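Data block below; observations after.
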Amino acid sequence: MTGHQNVDLIILCGFLGSGKTSLLVDFLSQRNLNDTAVIINEAGEIGIDGALVADENSDIPLTLLSNGCVCCSLRSSLVYTVEQLLDAPRADNAGPLKRIVLETSGLSKPGPILASLADPALANRNLNVSVLSTFDVENGDGHAVSFDESAAQLAAAQRIVLTKVDRIEADVLLEHERYVRSINPVAKIIAETDRAIAVAQAFQTEHAVKAGDNWRQYLSTMERSPNRSHPRIHVLKGQAKDGIAWDDVANWLDDLAGFCGERLLRTKLIVRVSDCPDPILIQGVGTVYDTPRRLTRQNSDVDVIVVITRDVDARAIAEQLVESPIFLTEALLPQTSRKQNFGFAT
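Here it is, written out as structure tokens:
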């Protein structure tokens with residue numbers, strides 16, 4: 083079946099113990115969610131998080147995926163599950179399905195999950211996919227146990243919720259916010275002490291594509307404060323050559339993914355190409371890129387090119403991708419001091 087419109091698929095991720103399930107339970111308890119389905123992915127046979135969600139919300143269509151990580155061995159099962167939820171008959175008074183929330187395990191990386199959702203079976207479903215991540219500000223140093231997974235989750239997110247903010251002082255919260263922004267300077271950071279507001283903002287998706295002003299604003303702010311960058315994360319800005327064609331952009335993206343591999347965390351490009359009258363939007367998480375989109379309402383004549391990597395800098399990319407049609411430079415300088423590091427892995 084095809085023709086599903088405006089169904090949000092929210093990938094809810096976050097490191098172990100960062101408050102994903104609590105955030106989801108609070109969201110489900112705040113409203114009548116006949117229009118929402120939930121998929122819980124847990125490592126292992128015993129679905130504790132799924133049991134908690136089901137106990138709080140017995141009317142929510144709930145599917146549990148167990149026996150490992152949804153981003154590897156259960157790809158086909160995830161696609162099948164999403165298909166079943168989209169095609170399931172709706173009760174007369176339920177209205178259409180508007181969103182599916184996939185809560186991943188704490189060690190899942192969003193990139194492979196997004197790759198699985200690129201399955202041809204879902205190609206015509208018109209899903210609005212976004213990534214929502216949580217970050218525990220009380221025990222943030224717990225992320226040091228597995229920095230690679232934590233960094234991948236944070237860098238992939240459009241929205242990051244700082245959890246347990248009521249348990250720390252305001253100045254400490256600010257430093258944690260700066261740390262998170264050093265990994266992903268382009269996400270919306272939600273640091274609300276009012277839980278209801280935080281939950282509402284977390285699950286609010288935006289379908290309209292803006293002109294890229296937020297990305298420019300974040301990069302400008304970070305460039306003025308290079309000491310806030312993370313020593314392993316590189317936020318890069320790019321400039322395309324004049325007269326660049328779409329094939330040049332596509333080939334560059336393939337080369338970038340091939341060279342960086344799992345070290346490529348996030349990309350976003352709004353570029354003007356010689357063979358299209360409108361700017362083109364391309365977004366990527368890991369080495370998976372969304373389908374390019376023409377921005378017919380984009381009035382800006384300035385390109386926006388942002389790349390976030392782990393453990394690979396602009397110089398290494400330039401040396402590998404010689405005669406590249408897009409030139410990358412460091413938007414943030416790697417941190418040389420370990421001061422104010424709060425125990426995070428570096």
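Mapping of the sequence shown onto my numbering: position 320 corresponds to residue 402, and the numbering continues sequentially without gaps. The beta carbon of each residue, even a glycine, is placed where N, CA and C say it ideally should be. What you are looking at is a predicted structure, and each value in this text was computed from that prediction instead of being measured.
May I ask which residues mark the beginning and end of the alpha helix (DSSP H) holding residue i?
i: residue 258; result: 252-265
i: residue 373; result: Unbroken run through residue 373: none, as it is neither H nor E.
i: residue 342; result: 328-342
i: residue 191; result: Premise fails: residue 191 is in no alpha helix (DSSP H) and is neither H nor E.
i: residue 231; result: 229-238
i: residue 278; result: 277-284
i: residue 287; result: Residue 287 -> no alpha helix (DSSP H), and no H or E assigned at all.
i: residue 401; result: 396-402
Rounding to the nearest angstrom, what Cα-Cα distance links residue i and residue j in this structure?
i: residue 270; j: residue 406; result: 31 Å
i: residue 287; j: residue 90; result: 8 Å
i: residue 214; j: residue 284; result: 7 Å
i: residue 104; j: residue 404; result: 48 Å
i: residue 208; j: residue 88; result: 7 Å
i: residue 185; j: residue 409; result: 37 Å
i: residue 241; j: residue 218; result: 14 Å
i: residue 267; j: residue 339; result: 21 Å
i: residue 206; j: residue 254; result: 45 Å
i: residue 386; j: residue 375; result: 14 Å
i: residue 221; j: residue 246; result: 9 Å
i: residue 319; j: residue 357; result: 23 Å
i: residue 177; j: residue 165; result: 18 Å
i: residue 312; j: residue 335; result: 24 Å
i: residue 122; j: residue 187; result: 8 Å
i: residue 400; j: residue 363; result: 23 Å
i: residue 169; j: residue 324; result: 46 Å
i: residue 98; j: residue 327; result: 43 Å
i: residue 167; j: residue 194; result: 21 Å
i: residue 368; j: residue 179; result: 29 Å
i: residue 233; j: residue 398; result: 20 Å
i: residue 332; j: residue 199; result: 21 Å
i: residue 210; j: residue 192; result: 15 Å
Give every residue of the same chain whose Cβ lies closer than 6 Å to the Cβ of residue i, excluding the five residues on either side of it in the sequence, and list them in chain order.
i: residue 189; result: 231
i: residue 390; result: 237, 317, 347 and 348
i: residue 92; result: 183, 212 and 214
i: residue 345; result: 391, 392, 393 and 394
i: residue 366; result: 349
i: residue 372; result: 365
i: residue 351; result: 364 and 387
i: residue 330; result: 407
Are there 16 or more other CB atoms within 10 angstroms of the CB of residue i, so buried, or fewer, so exposed?
i: residue 343; result: exposed
i: residue 100; result: buried
i: residue 256; result: exposed
i: residue 279; result: exposed
i: residue 353; result: buried
i: residue 95; result: buried
i: residue 248; result: exposed
i: residue 251; result: exposed
i: residue 235; result: buried
i: residue 322; result: buried
i: residue 174; result: exposed
i: residue 360; result: exposed
i: residue 384; result: exposed
With residue i as the anchor, note down where its beta strand (DSSP E) starts and where it stops.
i: residue 483; result: What the structure shows of the chain is the stretch from 83 to 428, and residue 483 is not part of that stretch, so it cannot be assessed.
i: residue 350; result: 346-353
i: residue 270; result: 270-272
Give me the DSSP bridge partner(s) of residue i.
i: residue 245; result: 218
i: residue 410; result: 320
i: residue 174; result: Answer is none; residue 174 lacks a bridge partner.
i: residue 95; result: 215
i: residue 391; result: 316 and 346
i: residue 184; result: 93 and 121
i: residue 161; result: For residue 161, which the question treats as bridged, DSSP gives no partner whatsoever.
i: residue 210; result: 90
i: residue 386; result: 352
Who are the near neighbours of residue i in its chain, counting only those whose CB is closer than 7 Å to its CB and skipping five residues on each side?
i: residue 201; result: 161
i: residue 197; result: 370
i: residue 402; result: 341
i: residue 259; result: 244, 271 and 273
i: residue 181; result: 89, 90, 92, 117 and 118
i: residue 307; result: Here the model assigns residue 307 a pLDDT of 49, short of 50, so the residue's position is not dependable, and the following value carries that caveat. No residues qualify anywhere along the chain.
i: residue 216; result: 96, 100, 101, 102, 105, 243 and 245
i: residue 239; result: 213, 214, 215, 266 and 269
i: residue 281; result: 105, 108, 109 and 112
i: residue 337; result: 403
i: residue 378; result: 360
Kindly indicate if chain D contains any beta-carbon less than 9 Å away from that of residue i.
i: residue 336; result: Absent from the structure is chain D; it holds one protein chain and no more.
Excluding sequence positions up to five away, which residues of its chain have a Cβ less than 8 Å from the Cβ of residue i?
i: residue 396; result: 316, 318, 410, 411 and 412
i: residue 106; result: 94, 120, 135, 183 and 185
i: residue 204; result: 161, 164 and 165
i: residue 172; result: 178 and 179
i: residue 275; result: 247 and 248
Taking 8 Å as the line, does the beta carbon of residue i fall inside it for any heavy atom of the ligand HEM?
i: residue 279; result: Within the structure as shown, the ligand HEM is missing, as the structure has no ligands at all.
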